[in-house]
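Participant: Reminder that position 24 of the sequence shown reads as 23 in numbering that gives the first Met the number 0, one-by-one numbering, no gaps.
Input: one structure, supplied below.
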Amino acid sequence: MSPHIFSVTRFTRRLMYQVRQCSRRNFRKPRSGDGLGTALRAPDGHEWRVGEARCRLIIPAYDTIRGRIFLFKTGHYERFRCELDISAADVALATAAAPTYFKAARIQQHANAGYVDGGVWANCPALAAVIKAWHFLEIPLDRIDVLSIGTSYSPDSVRDLAGAGFVGWGTRIVGLLMNAQGEAAWKQAMLLAGRETLSAGGLRNSP
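This is the structure we're talking about:
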């Protein structure tokens with residue numbers, strides 16, 4: 000299924016593919032999320048809705064039209080009722096629409112919004128989850144444990160780029176920004192819950 004979603008995966012192959020397709024303006028035209036949408040939808044045709052989730056969820060995205068962060072939420076608080084009838088597949092497309100790779104996702108119930116990957120502001124959503132649990136559900140901070148499961152990344156020293164310009168930094172600036180904001184959110188979540196270090200009984204980070 001992955002070839003239908005990510006047509007070219009390796010960076011070098013993807014770069015050469017983009018160069019070859021330059022005449023078609025692929026550098027300025029992101030891919031459709033149709034392949035991913037097909038993979039996300041139930042084979043029996045049932046359209047799962049956010050309100051059918053069996054656990055409390057918050058799913059980050061960014062609204063490119065209104066220029067604001069956004070969280071799709073289950074109805075675990077009296078004010079959270081606006082997204083219950085939205086397709087779960089549509090929400091997954093919205094939170095996975097990586098800028099430049101996929102087009103901004105459109106959702107029928109939110110006609111005046113266009114959503115891209117929530118990672119642009121919540122690459123590590125642990126802090127958002129802790130704040131929601133504490134503020135809306137009134138769970139004491141000392142009773143909150145967080146298990147953070149990610150796809151992992153390798154620390155990247157950018158010492159060699161300290162004096163570099165735009166060309167020198169290239170795509171590494173994106174990785175730096177994403178890793179830095181993710182680390183900041185994780186450490187702030189730890190401090191809020193009163194844990195300054197990782198421990199088996201406290202906050203746990205399993206990238």
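Here a beta-carbon is modelled for each residue, glycine too, at the ideal position from N, C-alpha and C.
Can you tell me whether residue 84 is buried or exposed? The criterion is at least 16 other CB atoms within 10 Å of its CB, across all chains shown.
Facilitator: The residue you call residue 84 lines up with position 85 of the sequence shown. It counts as exposed.
Participant: Entirely within the region 126-183 and at least 3 residues each: give me those beta strand (DSSP E) ranges in chain order.
Facilitator: The qualifying runs are 146-148.
Participant: Grouping DSSP H, G and I as helix and E and B as strand, with all else coil, what is residue 208?
Facilitator: The shown model of the chain, from 0 to 206, leaves out residue 208, and the question about it has no answer.
Participant: In chain order, what residues of the same chain have a beta carbon less than 6 Å from the beta carbon of residue 133, not counting five sequence neighbours either side?
Facilitator: The count along the sequence shown starts at 1 and reaches residue 133 at position 134. Result list for residue 133: 140, in chain order.
Participant: Can you name the start and end residues of the alpha helix (DSSP H) that residue 49 belongs to?
Facilitator: Taking the sequence shown and counting its residues from 1, the one referred to as residue 49 is at position 50. From DSSP, residue 49 is part of no alpha helix (DSSP H); its letter is neither H nor E.
Participant: What's the call for residue 122, buried or exposed, on a 16-neighbour Cβ count within 10 Å?
Facilitator: Counting from 1 along the sequence shown, the entry for residue 122 is found at position 123. Residue 122 comes out buried.
Participant: Evaluate the contact criterion for the region 113-122 versus the region 38-52: three or more CB pairs, one atom per stretch, below 8 Å.
Facilitator: They do not touch, by the three-pair rule.
Participant: Pull the bridge partners of residue 71 from the DSSP assignment, please.
Facilitator: For this step, residue 71 is matched to residue 72 along the sequence shown. DSSP, once it has assigned bridges, lists 58 as partnering residue 71.
Participant: Go ahead and pull the three-state DSSP assignment for residue 113.
Facilitator: As a working mapping, residue 113 is identified with position 114 in the sequence shown. Strand, per DSSP.
Participant: Going by beta carbon distance, what residues of the same chain come within less than 7 Å of residue 185, once the five residues before and after it are set aside?
Facilitator: As a position in the sequence shown, residue 185 is number 186, starting the count at 1. Closer than 7 Å at the Cβ level, and outside the excluded window around residue 185, lie 123, 125, 147, 204.
Participant: With DSSP collapsed to three states, give me the class of residue 97.
Facilitator: By 1-based counting over the sequence shown, the position of residue 97 is 98. Residue 97: coil per DSSP, three-state reduction.
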